[in-house]
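Undergrad: In my numbering, the protein residues as written are 719 to 1013.
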Amino acid sequence: MSNKNSPGQRFRDAVASEHPLQVVGAINANHALLAKRAGFKAIYLSGGGVAAGSLGVPDLGITGLDDVLTDVRRITDVCDLPLLVDVDTGFGSSFFNVSRTVKSMIKFGAAAIHIEDQVGAKRCGHRPNKEIVSLQEMVDRIKAAVDARTDDSFVIMARTDALAVEGLESALERAAACVEAGADMVFPEAITELEMYKLFANRVKAPILANITEFGATPLYTTEQLAGADVSLVLYPLSAFRAMNKAAENVYGAIRRDGTQQNVIDTMQTRMELYDAINYHSFEQKLDAVFAAKK
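Dropping the structure here:
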């Protein structure tokens, strides 16, 4: 069963309409609204972002399904942009865990997920000493995810970390096997050369996502360069989050050092800018109307 206006269909439509589709990370509901205002057609919730941003812990498989669902719901409650969600390895070791994850993501309004082939004790995709499961186990994860869909348009994206562990041919083989098992799109992680994307696109004949995360293994290619390498989606998972953290660090340091925030006030979003972003005044007008009606 598929729904023409479901989040998954809107995600697919966005991929079809923008080449390549820029998918920007939104760490919370407020950032989702800012991303929409900036003109993005799709947004992303990073597993590493949930770990660091919501829980203050490293991205080492510590977060659970409910941690991610809480942030998904908060975003989808206020923002209608299709949301791609990082579900790590599926939040559990069995077919049933993956199935529960997919059903929950659909129920909470996500448009798409990516699920990876790392072992349960996962690491950031741009860190050393990653370990991956067998090709068969990864294929089983994809099959479980596809079978669990209650909406056929919900997007299942297969992420493979095999390049850094077993090399390019292994990563290509895994990507192809995942698409054969029903994955809609492919996310080859920690790509080091632009031309590699083209190899994936040729091999799997499915949309390819390029993860253009800062300070990682992948150069910061432009959309123009990536379009030339047959990339369909470009992900910026934590760009705004990193900037937000640096800004907060600077403000805390200045207030502590100077005894006032006067010297950093120009780095802040103003009260009116915040009100504008969250549509404050329309809420207030409704409140005023309710009070007026009671008088």
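Heads up, the beta-carbon is just placed ideally off N, CA and C, and yes, glycines get one too.
Could you give the first and the last residue of the continuous beta strand (DSSP E) run that contains P906?
TA: Residues 903 to 906.
Undergrad: Quick check on the burial criterion: 16 or more other C-beta atoms within 10 angstroms. Buried or exposed for A876?
TA: Buried is the call here.
Undergrad: How far does the alpha helix (DSSP H) with R818 in it extend, from its first residue to its last?
TA: Unbroken alpha helix (DSSP H) run through R818: 813 to 825.
Undergrad: How should K722 be labelled, buried or exposed, when 16 other C-beta atoms within 10 angstroms of its C-beta is the threshold for buried?
TA: That one is exposed.
Undergrad: Just tell me which of E1002, N997, A1007, A1010 has its CA closest to the CA of A747.
TA: Out of E1002, N997, A1007, A1010, N997 has the C-alpha closest to the C-alpha of A747.
Undergrad: At which residues does the beta strand (DSSP E) containing A876 begin and terminate?
TA: Run containing A876: 873 to 878, per the beta strand (DSSP E) assignment.
Undergrad: Work out the CA separation of G774 and Y915 for me, nearest whole Å.
TA: Roughly 33 Å separates the two Cα atoms.
Undergrad: Take the Cβ of G771 as the centre, count every other Cβ of all protein chains shown within 10 Å, and call the residue buried at 16 or more, exposed below.
TA: So G771 ends up on the buried side.
Undergrad: Any contact of the segment 902 to 913 with the segment 940 to 957, i.e. 3+ C-beta pairs under 8 Å?
TA: These segments touch.
Undergrad: Which term fits F905, buried or exposed, when burial requires 16 or more other beta carbons within 10 angstroms of its beta carbon?
TA: The residue in question, F905, is buried, as its Cβ has 16 or more Cβ neighbours within 10 Å.
Undergrad: Which residue comes first and which comes last in the alpha helix (DSSP H) that contains G946?
TA: That run of the alpha helix (DSSP H) goes 941 to 946.
Undergrad: My guess is that A760 and P800 are in contact by the Cβ rule of under 8 Å, so how many angstroms apart are they, rounded?
TA: Right, the Cβ-Cβ distance comes to about 5 Å (below 8 Å), so this counts as a contact.
Undergrad: Does the segment 729 to 742 come close enough to the segment 772 to 791 that 3 or more CB-CB pairs lie under 8 Å?
TA: No contact exists between the segment 772 to 791 and the segment 729 to 742.
Undergrad: Looking only at its chain, what residues have a beta carbon closer than 8 Å to the beta carbon of V873, apart from the 5 residues adjacent to it on each side?
TA: The answer, listed in chain order, is G726, F729, R730, L802, A829, A830, I831, D902, M903.
Undergrad: Looking only at its chain, what residues have a beta carbon closer than 6 Å to the beta carbon of S724, apart from the 5 residues adjacent to it on each side?
TA: For S724, where only same-chain residues beyond five positions count, the Cβ hits under 6 Å are D869, S871.
Undergrad: Using CA coordinates, which residue listed in R791, R755, A756 is at the minimum distance from V768?
TA: It is R791 whose Cα lies nearest to the Cα of V768.
Undergrad: By Cβ distance below 8 Å, which residues in the same chain neighbour T794 in space, the five residues on each side in sequence not counted?
TA: Result list for T794: P725, L801, F826, G827, A828, in chain order.
Undergrad: So, helix, strand or coil for N997, using DSSP?
TA: Three-state DSSP puts N997 in coil, outside helix and strand.
Undergrad: Between A924 and Q836, what straight-line distance do the alpha-carbon atoms span, to the nearest angstrom?
TA: Answer to the nearest angstrom: the Cα atoms are 21 Å apart.
Undergrad: For D976, count the other beta carbons within 10 Å of its own beta carbon; 16 or more makes it buried, fewer makes it exposed. Which is it?
TA: With fewer than 16 other Cβ atoms within 10 Å, it is exposed.
Undergrad: Tell me whether the beta-carbon of K840 lies closer than 8 Å to the beta-carbon of D806.
TA: Contact: yes.
Undergrad: Does the Cβ-Cβ distance between L951 and V733 come in under 8 Å?
TA: Contact flag set, yes.
Undergrad: With a threshold of 7 Å on Cβ separation, who are the neighbours of L1005 within its own chain once the five nearest residues in sequence on each side are excluded?
TA: Closer than 7 Å at Cβ, skipping near neighbours: no residue.
Undergrad: Quick one, which of V883, D984, V820 has its alpha-carbon nearest V851's?
TA: The option with the nearest alpha carbon to V851 is V883.
Undergrad: Which residues mark the beginning and the end of the alpha helix (DSSP H) in which N968 is found?
TA: 957 to 976 is the extent of the alpha helix (DSSP H) around N968.
Undergrad: On the premise that E907 lies in contact with L879, defined as a C-beta separation below 8 Å, what is that separation, rounded to the nearest angstrom?
TA: Contrary to the premise, residue 879 reads as Asp rather than Leu in this sequence. Right, their Cβ atoms sit about 5 Å apart.
Undergrad: What residue does the alpha helix (DSSP H) around V952 start on, and which one ends it?
TA: Unbroken run through V952 is the beta strand (DSSP E), 951 to 954; no alpha helix (DSSP H).
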